[in-house]
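Chain order of the listed sequences is A and B. Start counting the first sequence at 166; every next residue gets the next number (this note's numbering). Start counting the second sequence at 854; every next residue gets the next number (this note's numbering). Right, one structure below, let's go through it.
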Amino acid sequence: MKRPRRVLKSLQRRRPASRARGRSAPHKADHATVLLLIGTRKGAFIFHGDARRKNWRIDGPHFLGHIVNHLVLDPRDGRTLVMASKTGHLGPTIYHSADEGRTWTEASRPPAFRKAPAGTTARAVSHTFWLTPGHRSEPGVWWAGTSPPALFRSADGGATWDGVDGWNEHPMLDKWEPPDAGTPDGPLLNQIVIDPRDAAHMYIATSGGGVFETRDQGRSWHPLNKGVEANFLPDPYPEYGQDAHCLGIHPLRPDRLYQQNHCGIYRIDRPSDTWERIGRNMPADIGDIGFPVVLHPRDPDTAWVFPMDGSTVWPRTSPGGRPAVYRTRDAGATWERQDRGFPREQAWYTVKRQAFSADEHDPLGLYLGTTSGMLWMSTNEGKSWNQIAAHLPEIYSVGAAMQP
Amino acid sequence: MRVLIPTPLRSYTHGRAEVEGSGATVAALLHHLDTVFPGIRFRLIDEQDRVRQHMRIFVNRESVHDLETALTPTDEVQILQALSGG
């Protein structure tokens, strides 16, 4: 069914530039600017940075009141935005923009399951949670992960979407992804990563089954969870059933992946099929529970996490009310606390899995958004942090995109 | 027939709170509306032809759950969002 394209004018407001406070380390001359793409519980915001990452122009809200789980710029063309959206009442959809958000077009066929035959399980997409641009060799291709945990593909820049039957109709799916295994917003297919060497080699992270791998672009799948704990199941090291919060593949060493899981921080170096719990090396009073993990694009040994309190009833706040990121520079053997600039006490937020990103500058810029609507950045690889927005809605996603 | 559109769906009806629709059943009416206002149906009805959890359809002020409910040209159909959310 092909519908005419419908173009919406975005409700954007331009505000005066705000200045990032605090000191900024010098960095190499680099004329690329950073675009921060912020998805929130109440709409989307785009922060336009200058080349020095000092001044930011806020563009938004776009789609005020809409739940925006993910907003992503296509790195292959540097201008196409794709956004996953729904509202508290209306069904889920996808918008795309070819002009940095000045106008938006709704997908004429958003992600949706086929009509189920009578007597079979009738699934409906609740929301699209994750968007990934396809491999560089496949311009226009996008992948989407939804709740319930399903995989969809677009070959036309997000205008129309088709289910990936190899996953969505897999005979093991009910066992891999039990309908009741998931987050407060439902079970998720929460991440899709693609091997930069091979468009057919992909990994997905799910909230009910853990990590799965395909080598034929989604036609067949197998679990990849050996060594990963699931302390909420009778067998704490099952073949599947883990809760993979966040997954990162290193662009320069794609055999290396990091995972922030519900039960710890892990690293794997393929072809090994076993994850190593590098979070065991975190300070015991902080633990290794959290949502995001961010990789240094030029150093496979460096990664950041934002720990949260996973003790007792799982408060999911900064441990002790003292926010900090932790960095490893030796692939997880040791970790260092980086909290300069963050509140010293009584700060009870956390950072969701899509809400911590890095740019590509040198030194690397880091950006994170909190559940309390604050946007923080570091221009010196986490050494110190500045707040660049304080009163946004609850932040679901933060993407840092480079623009020449 | 007269169809009343709630505020969340008026981006599809070019801001109009009331539109003309036709169809022998609620299902047929919604398909007709979708041809005139592309995309409106999926925000209201899921891919299994169920009214979404937080949306409501009334025919002559009576709540309707069965999309095969018959309609006549003099009926008034009101689409509302349920009292929910946060």
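By construction, the Cβ of each residue, glycine as well, lies at the ideal position given by its N, Cα and C atoms. Keep in mind it's a predicted model, so treat the numbers as computed, not measured.
Integer-rounded CB distance, given that residue j should sit under 8 Å from residue i
{"i": "residue 202 of chain A", "j": "residue 538 of chain A", "result": "With a Cβ gap of about 16 Å, residue 202 of chain A and residue 538 of chain A do not count as contacting."}
{"i": "residue 256 of chain A", "j": "residue 899 of chain B", "result": "6 Å"}
{"i": "residue 885 of chain B", "j": "residue 904 of chain B", "result": "So it is not a contact: roughly 17 Å between Cβ atoms."}
{"i": "residue 395 of chain A", "j": "residue 406 of chain A", "result": "5 Å"}
{"i": "residue 213 of chain A", "j": "residue 221 of chain A", "result": "7 Å"}
{"i": "residue 385 of chain A", "j": "residue 408 of chain A", "result": "Actually they do not touch by this definition, with Cβ atoms about 23 Å apart."}
{"i": "residue 430 of chain A", "j": "residue 484 of chain A", "result": "That pair is no contact at about 14 Å."}
{"i": "residue 199 of chain A", "j": "residue 534 of chain A", "result": "Between residue 534 of chain A and residue 199 of chain A the Cβ distance is about 14 Å, and since that is not below 8 Å, they are no contact."}
is_contact[residue i, chain A] using C-beta, thresh 8 Å
{"i": "residue 935 of chain B", "result": "yes"}
{"i": "residue 896 of chain B", "result": "yes"}
{"i": "residue 874 of chain B", "result": "no"}
{"i": "residue 926 of chain B", "result": "no"}
{"i": "residue 868 of chain B", "result": "no"}
Short CB-CB distance (under 8 Å) between residue i and chain B
{"i": "residue 287 of chain A", "result": "yes"}
{"i": "residue 554 of chain A", "result": "no"}
{"i": "residue 194 of chain A", "result": "Any reading at residue 194 of chain A needs caution, since the residue's pLDDT is 40, under 50, leaving its predicted position unreliable; the model's value is listed next. So no, residue 194 of chain A is outside the interface."}
{"i": "residue 278 of chain A", "result": "yes"}
{"i": "residue 281 of chain A", "result": "yes"}
{"i": "residue 312 of chain A", "result": "no"}
{"i": "residue 273 of chain A", "result": "yes"}
{"i": "residue 186 of chain A", "result": "Low per-residue confidence applies at residue 186 of chain A: pLDDT is 35, beneath 50, and the placement is therefore not dependable enough to give any value."}
With 16 other Cβ atoms within 10 Å as the buried cut-off, status of residue i
{"i": "residue 225 of chain A", "result": "buried"}
{"i": "residue 196 of chain A", "result": "exposed"}
{"i": "residue 280 of chain A", "result": "exposed"}
{"i": "residue 524 of chain A", "result": "buried"}
{"i": "residue 515 of chain A", "result": "buried"}
{"i": "residue 873 of chain B", "result": "exposed"}
{"i": "residue 870 of chain B", "result": "exposed"}
{"i": "residue 397 of chain A", "result": "exposed"}
{"i": "residue 478 of chain A", "result": "exposed"}
{"i": "residue 442 of chain A", "result": "buried"}
{"i": "residue 243 of chain A", "result": "exposed"}
{"i": "residue 248 of chain A", "result": "buried"}
{"i": "residue 337 of chain A", "result": "exposed"}
{"i": "residue 186 of chain A", "result": "Legend: pLDDT at residue 186 of chain A = 35, less than 50; position of this residue unreliable, value from coordinates given subsequently. So residue 186 of chain A ends up on the exposed side."}
{"i": "residue 425 of chain A", "result": "buried"}
{"i": "residue 923 of chain B", "result": "exposed"}
{"i": "residue 191 of chain A", "result": "Note that residue 191 of chain A scores a pLDDT of 39, beneath 50, so its modelled location is shaky; the value from the coordinates is reported in the next line. Classification for residue 191 of chain A: exposed."}
{"i": "residue 363 of chain A", "result": "exposed"}
Endpoints, the beta strand (DSSP E) within which residue i is located
{"i": "residue 227 of chain A", "result": "220-227"}
{"i": "residue 310 of chain A", "result": "307-312"}
{"i": "residue 355 of chain A", "result": "354-359"}
{"i": "residue 295 of chain A", "result": "292-298"}
{"i": "residue 541 of chain A", "result": "540-543"}
{"i": "residue 204 of chain A", "result": "198-205"}
{"i": "residue 464 of chain A", "result": "464-472"}
{"i": "residue 434 of chain A", "result": "429-434"}
{"i": "residue 562 of chain A", "result": "560-568"}
{"i": "residue 371 of chain A", "result": "367-371"}
{"i": "residue 457 of chain A", "result": "455-461"}
{"i": "residue 536 of chain A", "result": "Where residue 536 of chain A is concerned, there is no enclosing beta strand (DSSP E), given that its DSSP letter is neither H nor E."}
{"i": "residue 421 of chain A", "result": "421-426"}
{"i": "residue 548 of chain A", "result": "Here residue 548 of chain A belongs to no beta strand (DSSP E), and DSSP marks it neither H nor E."}
Endpoints, the alpha helix (DSSP H) within which residue i is located
{"i": "residue 879 of chain B", "result": "879-889"}
{"i": "residue 340 of chain A", "result": "338-341"}
{"i": "residue 897 of chain B", "result": "893-897"}
{"i": "residue 330 of chain A", "result": "330-333"}
Output needed in chain order: residues of the region 898-913 of chain B with a Cβ under 9 Å from some Cβ in chain A. 898, 899, 900, 901, 902, 903, 905, 906, 907 and 908
Near-chain E residues of the region 227-260 of chain A (beta-carbon distance less than 9 Å), N- to C-terminal order: No chain E is part of this structure, whose protein chains are labelled A and B.
Interfacial residues, the region 378-412 of chain A to chain B, with Cβ spacing under 7 Å: none
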